[in-house]
Amino acid sequence: MTSIQVEINDGLSSSTAIKGPCSAATTANITLSGEQTVDGVAVATSDRVLVKNQTAASENGIYIVDTGPWRRSKDFNKTRDIRKGTMVVVAGGTLGSGLWQITTADPISVGTTNIAFQLVNPDSSTFVTLAGTQTLTNKTLTSPAINTPTITGGTIASATLTLKQSAAPTPTAEGDTQWDTDDNVLAIGDGAATKLFVAIPASTAAGDIEYFTGAKVKARLAKGTASQALLMNAGATGPAWATLPFTASYDSGQQAITAAGSLTLAHGLSAKPKLITTALQCTTAEFDYSIGDEVPINVGSHDSPAGSNRGLSIVPDATNLTIRFGAAAAPLNVLHKTTGVISGITPASWKFVVRASV
Numbered sequence: 196m197t198s199i200q201v202e203i204n205d206g207l208s209s210s211t212a213i214k215g216p217c218s219a220a221t222t223a224n225i226t227l228s229g230e231q232t233v234d235g236v237a238v239a240t241s242d243r244v245l246v247k248n249q250t251a252a253s254e255n256g257i258y259i260v261d262t263g264p265w266r267r268s269k270d271f272n273k274t275r276d277i278r279k280g281t282m283v284v285v286a287g288g289t290l291g292s293g294l295w296q297i298t299t300a301d302p303i304s305v306g307t308t309n310i311a312f313q314l315v316n317p318d319s320s321t322f323v324t325l326a327g328t329q330t331l332t333n334k335t336l337t338s339p340a341i342n343t344p345t346i347t348g349g350t351i352a353s354a355t356l357t358l359k360q361s362a363a364p365t366p367t368a369e370g371d372t373q374w375d376t377d378d379n380v381l382a383i384g385d386g387a388a389t390k391l392f393v394a395i396p397a398s399t400a401a402g403d404i405e406y407f408t409g410a411k412v413k414a415r416l417a418k419g420t421a422s423q424a425l426l427m428n429a430g431a432t433g434p435a436w437a438t439l440p441f442t443a444s445y446d447s448g449q450q451a452i453t454a455a456g457s458l459t460l461a462h463g464l465s466a467k468p469k470l471i472t473t474a475l476q477c478t479t480a481e482f483d484y485s486i487g488d489e490v491p492i493n494v495g496s497h498d499s500p501a502g503s504n505r506g507l508s509i510v511p512d513a514t515n516l517t518i519r520f521g522a523a524a525a526p527l528n529v530l531h532k533t534t535g536v537i538s539g540i541t542p543a544s545w546k547f548v549v550r551a552s553v
């Protein structure tokens with residue numbers, strides 16, 4: 196039967212099943228010398244510490260703290276003292292309190308064999324056990340953190356969610372969401388690649404246009420005014436609004452031509468036109484022109500030969516185009532399509548068209 200005689204510092208020298216309790220357990224490689232803080236516990240001379248995270252795993256074991264170099268405890272110093280399954284209770288610490296067990300296969304040679312431990316029963320004082328459906332009202336969960344929870348339904352109110360962060364995250368796993376601290380964008384994995392979600396620029400309003408000034412930077416172009424067009428700016432760095440020279444137009448369609456006649460055409464543009472063009476459309480073949488041919492003509496005198504009274508005048512205003520044809524029987528001239536000879540038209544063979552823009 197195993198002795199239950201306990202030497203306070205060095206534990207049970209003859210028991211391999213359960214060792215004397217330790218004050219704390221390491222969480223990283225430490226210097227095995229001097230009084231120091233281990234997992235939040237200030238260990239002092241003669242305290243027992245479970246050392247389990249040394250870079251050289253053969254150094255792992257139970258040590259007695261000293262102001263100088265630490266020594267292994269007497270119950271964890273020889274091959275016969277331990278074996279796979281040997282356990283030790285750690286009484287304190289933020290992360291390591293609880294019951295630990297050796298997982299290294301036998302035989303174990305202390306100081307030579309790499310020794311590994313696993314936590315088999317955490318300190319229950321750090322846990323909250325909820326049996327069935329429980330409601331926590333106005334409670335704050337601080338330490339320990341809730342690891343890998345699954346929340347189904349319900350609502351988490353007034354929660355602060357902190358994402359994984361780095362300067363250039365590239366998650367690829369489906370749904371893996373990370374924060375790019377360099378460019379302030381979300382990076383989310385789609386199962387194969389990384390998708391970026393860039394923030395909306397400040398003060399964005401309805402009608403605004405967003406564009407990129409960099410690979411991960413959006414900018415805002417405020418909406419323009421009615422009838423403006425979107426163009427590239429002068430520096431070719433982004434879009435800009437521009438006012439078009441013409442925003443509305445009028446086409447008279449075919450109008451009859453009469454010697455010394457006039458037309459008053461309502462253009463409906465609500466402003467005096469900025470641009471007016473005129474043309475003749477052939478309706479009966481003449482001067483080698485075919486039906487449907489359109490010949491632009493100038494406004495003004497067509498007085499060739501001199502004194503022929505051929506020509507065209509237009510007086511525009513905000514409502515109408517007032518048009519007057521020359522008094523000659525052939526009131527307008529065109530150049531013969533083949534010979535280039537100036538010829539007076541037969542009014543019945545042509546129609547007049549006027550177009551205006553504002």
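Sequential numbering of the sequence shown, starting at 196, is according to the numbering used here.
All C-beta atoms in this analysis are idealised placements derived from N, C-alpha and C, irrespective of residue type, glycine included.
query, result
"Residues that alanine 252 bridges to, as DSSP identifies them", "Alanine 252 is not bridged to any residue."
"Residue span of the beta strand (DSSP E) that contains asparagine 515, given as start and end", "515 to 520"
"Exposure label - glycine 263; buried when at least 16 CB within 10 Å", "exposed"
"Status (buried if at least 16 other CB within 10 Å, exposed otherwise) for isoleucine 199", "Below a pLDDT of 50, predicted positions are generally treated as unreliable, and isoleucine 199, at 36, falls in that range; the measurement from the model is reported next regardless. The residue is exposed, with fewer than 16 neighbouring Cβ atoms inside 10 Å."
"Outcome for tryptophan 545 when other beta-carbon atoms lying within 10 angstroms are tallied against a minimum of 16", "buried"
"Within 7 Å, strictly: CB atoms of alanine 523 and asparagine 504", "yes"
"From Ile310, Val260, Ala352, residue whose alpha carbon lies closest to that of threonine 274", "Ile310"
"Length of the line joining the Cα atoms of threonine 298 and valine 238", "26 Å"
"From Ala363, Asn255, Trp295, residue whose alpha carbon lies closest to that of leucine 227", "Asn255"
"As assigned by DSSP and simplified to three states, the class of serine 544", "helix"
"Alpha-carbon spacing of glycine 235 relative to glycine 288, whole angstroms", "6 Å"
"Rounded C-alpha distance that separates leucine 475 from leucine 391", "59 Å"
"Classification of isoleucine 483 by the beta-carbon crowding that lies within 10 angstroms, buried from 16 upward", "Sequence inspection shows aspartate at residue 483; the isoleucine mentioned does not correspond to that position. So aspartate 483 counts as exposed."
"Those residues which DSSP pairs with isoleucine 213 across a bridge", "Met282"
"Reference lysine 411, options Asp378, Ala401, Phe441, Leu460, closest by Cα", "Asp378"
"Contact under 7 Å by Cβ, leucine 460 with leucine 516", "yes"
"Selected residue, minimal CA-CA separation from valine 315, among Thr307, Phe547, Val285, Trp265", "Val285"
"Nearest neighbour of glycine 521, chosen from Ser457, Ala400, Val305, Lys532 [CA to CA]", "Ser457"
"Integer Cβ distance of alanine 414 from leucine 426, believed to fall under 8 Å", "Not a contact, Cβ separation roughly 16 Å."
"For leucine 356 and glutamine 313, the rounded distance between their alpha carbons", "31 Å"
"Three-state class that DSSP yields for threonine 389 in the structure shown", "strand"
"Residues of its chain near threonine 442, where Cβ-Cβ distance is below 6 Å and the 5 sequence neighbours each way are ignored", "Ser422"
"Residue from Thr281, Ile257, Gly433 with nearest C-alpha to alanine 212", "Thr281"
"Own chain residues within Cβ distance below 8 Å of glycine 386, not counting five before or after", "Thr367, Ala368, Glu369"
"Anticipated Cβ contact below 8 Å, cysteine 217 with isoleucine 257, distance rounded", "6 Å"
"Cα-Cα separation between valine 529 and alanine 424, rounded to whole angstroms", "38 Å"
"7 Å Cβ shell around asparagine 272 - same chain, five flanking residues per side excluded", "Val305"
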